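Novice:
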Amino acid sequence: MPVDYFSFFGLPRKLNLDIATLERGFYAMSRKLHPDLYAGRDSREQSWSLEQSSRLNDAYRILKDPIRRTEYLLKLEGVELEGQSKAGTEEARKTGEKKQIVPPDLLEEVFELNMQIEELRANKKMGEEDTSLIQELQQHKQALEQKVNDLFEELKRYWTEWDSAEESGNDVLRKSARDKMVDLLNRRSYIRNLVRDVNEVLGF
Amino acid sequence: MAVSDRIVGIDLGTTNSLVAFMQGESPVIIPGEDGANLVPSVVALDESDKVIVGNAARKYLIETPNRSVYSIKRLMGRGVEDIQEELKLFPFRLGEDLQTEEVLRIKLGKKTFTPPEISAFILRQLKHNADRFFGSPVTKAVITVPAYFNDAQRQATKDAGRIAGLEVVRLVNEPTAASLAYGLDKKQNGIVAVYDFGGGTFDISILRLHDGIFEVIATNGDTHLGGDDIDNLVIRIALDDVRGDLGIDFSRNGEVVAAIRKAVIEAKIALSSQQSAKLDIELPEGKRYQREITREQFEQLAAPVIDRTVAPCKQVLKDANLRPEQIDEVVLVGGSTRIPSVRILVERLFDRKPHTDVNPDEVVALGAAVQANILSGRSDATQDMLLLDVTPLSLGIEVAGGVTDKIILRNSTIPASATQHYTTQVDGQTNVAIHVLQGERELAKDCRSLARFDLKGVPPMTAGMPRIEVKFLIDANGILHVTAREQRSGKEAEIEVQPSYGLTDEQVESMILDSFDQAEEDLRQRQLIEARNEAQTILAALEKGKNSAAWDELTRDERQRVEELERVLRSSEKSDDYAEIRKAIDALNQGTMRLAELMMDSAVARALKGKSMDGADMGKGPEPPHPISKAEFE
Numbered sequence: 000m001p002v003d004y005f006s007f008f009g010l011p012r013k014l015n016l017d018i019a020t021l022e023r024g025f026y027a028m029s030r031k032l033h034p035d036l037y038a039g040r041d042s043r044e045q046s047w048s049l050e051q052s053s054r055l056n057d058a059y060r061i062l063k064d065p066i067r068r069t070e071y072l073l074k075l076e077g078v079e080l081e082g083q084s085k086a087g088t089e090e091a092r093k094t095g096e097k098k099q100i101v102p103p104d105l106l107e108e109v110f111e112l113n114m115q116i117e118e119l120r121a122n123k124k125m126g127e128e129d130t131s132l133i134q135e136l137q138q139h140k141q142a143l144e145q146k147v148n149d150l151f152e153e154l155k156r157y158w159t160e161w162d163s164a165e166e167s168g169n170d171v172l173r174k175s176a177r178d179k180m181v182d183l184l185n186r187r188s189y190i191r192n193l194v195r196d197v198n199e200v201l202g203f
Numbered sequence: 000m001a002v003s004d005r006i007v008g009i010d011l012g013t014t015n016s017l018v019a020f021m022q023g024e025s026p027v028i029i030p031g032e033d034g035a036n037l038v039p040s041v042v043a044l045d046e047s048d049k050v051i052v053g054n055a056a057r058k059y060l061i062e063t064p065n066r067s068v069y070s071i072k073r074l075m076g077r078g079v080e081d082i083q084e085e086l087k088l089f090p091f092r093l094g095e096d097l098q099t100e101e102v103l104r105i106k107l108g109k110k111t112f113t114p115p116e117i118s119a120f121i122l123r124q125l126k127h128n129a130d131r132f133f134g135s136p137v138t139k140a141v142i143t144v145p146a147y148f149n150d151a152q153r154q155a156t157k158d159a160g161r162i163a164g165l166e167v168v169r170l171v172n173e174p175t176a177a178s179l180a181y182g183l184d185k186k187q188n189g190i191v192a193v194y195d196f197g198g199g200t201f202d203i204s205i206l207r208l209h210d211g212i213f214e215v216i217a218t219n220g221d222t223h224l225g226g227d228d229i230d231n232l233v234i235r236i237a238l239d240d241v242r243g244d245l246g247i248d249f250s251r252n253g254e255v256v257a258a259i260r261k262a263v264i265e266a267k268i269a270l271s272s273q274q275s276a277k278l279d280i281e282l283p284e285g286k287r288y289q290r291e292i293t294r295e296q297f298e299q300l301a302a303p304v305i306d307r308t309v310a311p312c313k314q315v316l317k318d319a320n321l322r323p324e325q326i327d328e329v330v331l332v333g334g335s336t337r338i339p340s341v342r343i344l345v346e347r348l349f350d351r352k353p354h355t356d357v358n359p360d361e362v363v364a365l366g367a368a369v370q371a372n373i374l375s376g377r378s379d380a381t382q383d384m385l386l387l388d389v390t391p392l393s394l395g396i397e398v399a400g401g402v403t404d405k406i407i408l409r410n411s412t413i414p415a416s417a418t419q420h421y422t423t424q425v426d427g428q429t430n431v432a433i434h435v436l437q438g439e440r441e442l443a444k445d446c447r448s449l450a451r452f453d454l455k456g457v458p459p460m461t462a463g464m465p466r467i468e469v470k471f472l473i474d475a476n477g478i479l480h481v482t483a484r485e486q487r488s489g490k491e492a493e494i495e496v497q498p499s500y501g502l503t504d505e506q507v508e509s510m511i512l513d514s515f516d517q518a519e520e521d522l523r524q525r526q527l528i529e530a531r532n533e534a535q536t537i538l539a540a541l542e543k544g545k546n547s548a549a550w551d552e553l554t555r556d557e558r559q560r561v562e563e564l565e566r567v568l569r570s571s572e573k574s575d576d577y578a579e580i581r582k583a584i585d586a587l588n589q590g591t592m593r594l595a596e597l598m599m600d601s602a603v604a605r606a607l608k609g610k611s612m613d614g615a616d617m618g619k620g621p622e623p624p625h626p627i628s629k630a631e632f633e
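Protein chains in written order, with numbering that gives the first Met the number 0: chain A, 0 to 203; chain B, 0 to 633.
1. Quick one: using the 10 Å Cβ neighbour count with 16 as the cut-off for buried, is A:L106 buried or exposed?
2. Name, please, each residue of chain B whose Cβ falls closer than 8 Å to the Cβ of A:L72.
3. Cβ closer than 8 Å: which chain A residues qualify as neighbours of B:T412?
4. In chain B, what lies closer than 9 Å to A:L21 by C-beta?
5. Give the single residue among B:G220, B:N358, B:L392, B:L408 whose Cα lies nearest to the Cα of A:D57.
6. Can you tell me whether A:N192 is buried or exposed? The criterion is at least 16 other CB atoms within 10 Å of its CB, across all chains shown.
7. Checking contacts by CB at 7 Å: is B:V168 closer than that to chain A?
8. For B:F201, does the three-state DSSP call read helix, strand or coil?
9. Against chain B, does A:P65 count as a neighbour if the rule is that its beta carbon must be under 7 Å from one of theirs?
10. Establish whether the CB of A:Y189 and some CB of chain B are separated by less than 7 Å.
11. Could you name the residues of chain D that A:D182 contacts, counting a contact when the two beta carbons are closer than 7 Å?
12. Pull up the distance between the alpha-carbon of B:A371 and that of B:D10, whole angstroms please.
13. Starting from B:A159, find everything on chain A with Cβ-Cβ shorter than 8 Å and list it in chain order.
14. Taking beta-carbon pairs under 7 Å, can you tell me which members of the stretch 166 to 178 of chain A lie near chain B?
15. For B:I9, which residues does DSSP report across the bridge?
16. Thinking C-alpha only, which one of B:A368, B:F196, B:A415 is nearest B:L224?
17. Three Cβ pairs or more, each shorter than 8 Å: is that satisfied between the stretch 322 to 330 of chain B and the stretch 344 to 360 of chain B?
18. Return the CA-CA distance between A:L201 and B:V315, expressed in angstroms with no decimal places.
19. Mind pulling the chain A residues with CB within less than 9 Å of B:L386?
20. Starting from B:L374, find everything on chain A with Cβ-Cβ shorter than 8 Å and list it in chain order.
21. Report back the beta-carbon spacing between B:P391 and B:Y147 to the nearest angstrom; my notes put them in contact at under 8 Å.
22. Count the other CB atoms, across all protein chains shown, that sit within 10 Å of the CB of B:G427; report buried if there are 16 or more and exposed otherwise.
23. Look at the alpha carbon of B:L442 and the alpha carbon of B:L449, and state the distance between them as a whole number of angstroms.
24. Which residues in chain B have a C-beta closer than 9 Å to the C-beta of A:Y26? List them in chain order.
25. Spatial neighbours of B:Q289 within its chain, please: C-beta separation below 8 Å, excluding the five flanking residues on both sides.
26. Quick check on the DSSP output: the alpha helix (DSSP H) that includes B:F89 runs from which residue to which?
27. Counting Cβ pairs, one atom from each stretch, are 3 or more of them under 8 Å apart for the stretch 563 to 573 of chain B and the stretch 525 to 544 of chain B?
28. Evaluate B:K317 with the Cβ neighbour count: other Cβ atoms within 10 Å of its Cβ, from every protein chain shown; 16 or more gives buried, anything less gives exposed.
29. Along the chain, which unbroken stretches of the alpha helix (DSSP H) at least 4 residues long are found entirely within the stretch 150 to 195 of chain B?
30. Between the Cα of B:F471 and those of B:I264, B:S416, B:G31, B:N188, spot the shortest distance and give me the residue it belongs to.
31. Who are B:H434's beta bridge partners in DSSP?
32. Does the distance between the C-beta of B:T143 and the nearest non-hydrogen atom of the ligand SAM fall short of 6 Å?
33. Indicate the three-state DSSP secondary structure (helix, strand or coil) for B:K470 in the structure shown.
34. At which residues does the alpha helix (DSSP H) containing B:G590 begin and terminate?
35. I'd like to know if the stretch 77 to 87 of chain B and the stretch 42 to 54 of chain B are in contact, where contact means that at least 3 CB-CB pairs between them fall below 8 Å.
36. Taking 8 Å as the threshold, find out whether the stretch 89 to 103 of chain B comes into contact with the stretch 126 to 142 of chain B through three or more Cβ pairs.
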């Protein structure tokens with residue numbers, strides 16, 4: 000098993016991360032590993048460079064993105080997050096897997112939203128345009144997007160919990176921070192799928 | 000630098016192609032024999048089926064349109080079903096019985112060629128120009144491609160290089176190459192947008208320049224959008240005009256269409272600096288078509304084409320997560336950016352005056368030369384330069400229900416990789432098929448099919464037991480590589496690739512052989528002639544030297560040695576081995592060093608210290624460019 004992305008950059012498995020430092024590291028390592036520097040070498044060295052630089056780029060891409068960084072760390076911790084893809088969502092909805100359970104605080108909202116989406120779809124089929132319904136949906140969408148932003152702020156608090164647990168080696172706190180993040184990311188992906196549904200029916 | 004390490008930069012364009020290299024600290028274009036920097040991307044067969052390329056081929060477009068082809072780049076890496084639009088607008092003549100997903104074949108006279116072969120003819124002309132310039136063969140090149148080219152189009156370009164006898168050390172995206180040439184000059188940090196609107200393709204790239212690192216943040220484009228499309232609109236109007244006036248439809252008459260096209264292009268170019276231009280075209284039976292076209296009319300006509308560049312520009316800003324005012328510079332590349340309304344559009348989109356002091360026709364080739372220099376070990380000018388490019392399109396695989404599962408997202412820095420796990424569905428199953436796609440759409444059928452991979456030799460196990468790890472890797476050329484391993488047995492699975500719309504390795508090999516014999520023979524012949532000419536020159540010079548007073552100043556030993564070397568050259572000159580002749584020339588040159596010195600008065604001798612016979616007053620060896628045979632291939 001090759002080293003994980005954190006170790007690749009010589010970083011501890013912490014989630015609060017200084018992006019400027021990460022970027023400097025990325026540029027410095029690019030100057031050592033990029034295939035351009037191995038164009039005149041033998042094929043063994045070239046494939047080494049290809050392997051290493053693709054790993055560097057993959058690692059940088061994941062670590063610099065806050066959500067992907069969190070997901071990656073959770074994966075390293077053995078957590079399987081639910082798929083964010085449309086296909087994944089639909090599959091889960093069809094089979095009724097427990098992971099797609101509506102977050103309890105959203106139950107009422109989601110119920111209403113799905114009704115509206117269905118109504119709009121039906122209207123469209125009839126060739127009608129209900130502007131007030133569209134407006135309501137747009138407001139819903141804005142509220143959901145606000146929720147996604149709020150969740151991100153909440154996530155950052157768990158990062159700090161995780162980081163200090165990681166530092167102190169407290170497994171209980173570690174596990175608690177981990178579970179909170181898993182729950183949050185699942186809620187987040189649920190909401191994002193909803194936004195996607197709304198966008199689709201609104202024709203974005 | 001060893002000759003074999005020399006790498007040239009090539010811009011293989013839709014309309015024009017160029018070759019450049021780094022001379023000292025700055026890139027320069029290598030001109031052709033006619034002195035022109037641009038080699039029109041036109042290929043024709045003459046009466047004796049000899050391949051003619053470039054300026055010399057242009058007259059065939061009008062005289063024998065069915066034996067000539069232009070804008071072949073539009074067909075690179077494409078299948079017969081996705082060029083139907085192109086076929087309506089361009090006089091491409093397809094070979095018969097083409098199958099779906101098969102590589103295209105284009106008819107020139109009675110022969111047929113694939114698009115990579117036709118591109119290879121252009122590349123070979125450029126290689127020829129470079130060989131001639133350096134006086135020795137060039138074997139390695141960096142070739143530019145539109146940033147938005149997909150895997151199949153890139154692979155086809157690489158194949159073209161191989162067929163032309165060039166090792167393609169790297170494919171570089173055109174706007175990125177342009178930024179290298181631009182950034183080499185400016186040496187400043189900031190965010191640069193490159194708007195590259197050429198003859199057949201459009202790209203928009205946003206880069207961050209940071210202490211010599213050129214990091215592409217996002218790219219977008221359309222590989223079938225360019226000046227060609229504007230020409231076609233004007234040609235259509237001229238044809239309709241003629242039909243209205245004379246009642247004759249010439250749209251099926253290749254000669255007339257080609258003549259109109261030539262006049263339209265000239266008028267388009269004129270309208271970038273004038274307010275009006277005239278179309279004046281001779282038609283069959285002594286008829287004539289004349290029409291005045293104003294810039295305003297032209298721009299109105301071209302607007303729908305030019306406006307198609309807006310959506311990619313907006314998307315690239317969105318992908319880069321930048322607002323127009325965060326862009327520090329906008330650089331214009333490609334001939335179509337000379338159109339005044341294009342410049343106005345760019346100014347509006349990015350809210351600033353675009354940078355216009357680079358030559359939009361040459362900057363891509365110059366940038367390719369900079370990248371070639373970086374790859375061949377750098378010079379002072381490129382010491383700190385490093386290019387970090389991205390893949391323009393997401394890579395995905397087809398999963399249940401015909402849905403695309405994206406595994407490498409667009410605008411990921413390359414090289415990039417992704418790993419996927421597969422298993423079997425039936426007990427004892429030993430093959431697994433993987434369908435690789437490129438594109439942004441949800442459904443597999445809306446994405447570009449790149450290839451179908453067949454994993455073979457999976458050890459027979461209960462269904463679901465094998466765990467096959469497949470690694471997808473996009474290299475620095477933007478080309479996909481796939482490897483697979485069955486993890487329970489540790490066995491490397493064998494992968495059979497069926498590239499969609501591409502040539503197989505065997506096909507490319509045979510094309511190299513077909514054409515190479517010719518090219519190699521051409522080169523060998525030329526080198527032999529050059530070596531013999533040089534031998535003649537030095538022998539004549541020696542004759543002169545022997546009759547001078549200096550000859551008697553040499554010792555007897557020295558004279559004997561020179562005469563021995565002379566005998567060797569005279570006999571090797573008759574052989575067909577140019578290397579042997581060269582060796583003898585060099586030996587005689589060395590051996591006559593002192594004679595040459597003695598022949599000159601002391602002042603000249605000092606100035607020429609170290610020079611040998613052919614540096615003295617007795618004629619000199621040819622310097623590049625050599626006066627050699629015409630740039631044509633058979």
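Glycine is no exception: its CB is placed at the ideal position from the N, C-alpha and C atoms. For clarity, every value in this text was computed on a predicted model and none was experimentally measured.
Specialist: If we stick to the structure as given:
1. exposed
2. For a Cβ distance threshold of 8 Å, nothing in chain B lies close to A:L72: the least Cβ distance comes to about 18 Å.
3. N56, Y59, R60
4. Correct list: empty, because the minimum Cβ distance to chain B is about 14 Å.
5. B:L408
6. Answer is buried; the Cβ neighbour count reaches 16.
7. yes
8. In the three-state reduction of the DSSP assignment, B:F201 falls in the strand class, which pools E and B.
9. Closer than 7 Å: no.
10. Answer no: the Cβ-Cβ gap between A:Y189 and chain B never drops below 7 Å.
11. Of the protein chains in this structure, namely A and B, none is chain D.
12. 12 Å
13. Ordered by position in chain A, no residue passes the 8 Å Cβ test against B:A159, which lies about 20 Å from the chain.
14. When CB distances to chain B are screened at a threshold of 7 Å, not a single residue of the stretch 166 to 178 of chain A falls below it.
15. B:V18, B:I142
16. B:F196
17. yes
18. 23 Å
19. Residues of chain A passing the Cβ test: H33, D35.
20. Neighbours of B:L374 on chain A, chain order: D35, A38, G39.
21. The pair is a contact, with the Cβ atoms about 5 Å apart (cut-off 8 Å).
22. exposed
23. Distance between the alpha carbons of B:L442 and B:L449: 14 Å.
24. H209, D210, I212, E214, L385, L387
25. Closer than 8 Å at the Cβ level, and outside the excluded window around B:Q289, lie K277, L278, D279, I280.
26. Element bounds for B:F89: n/a, residue is neither H nor E.
27. yes
28. exposed
29. 150 to 162, 173 to 185
30. B:S416
31. B:R451
32. Inclusion of the ligand SAM in the displayed structure is not the case, the ligand content being empty and no account of it being possible.
33. strand
34. 577 to 590
35. no
36. no
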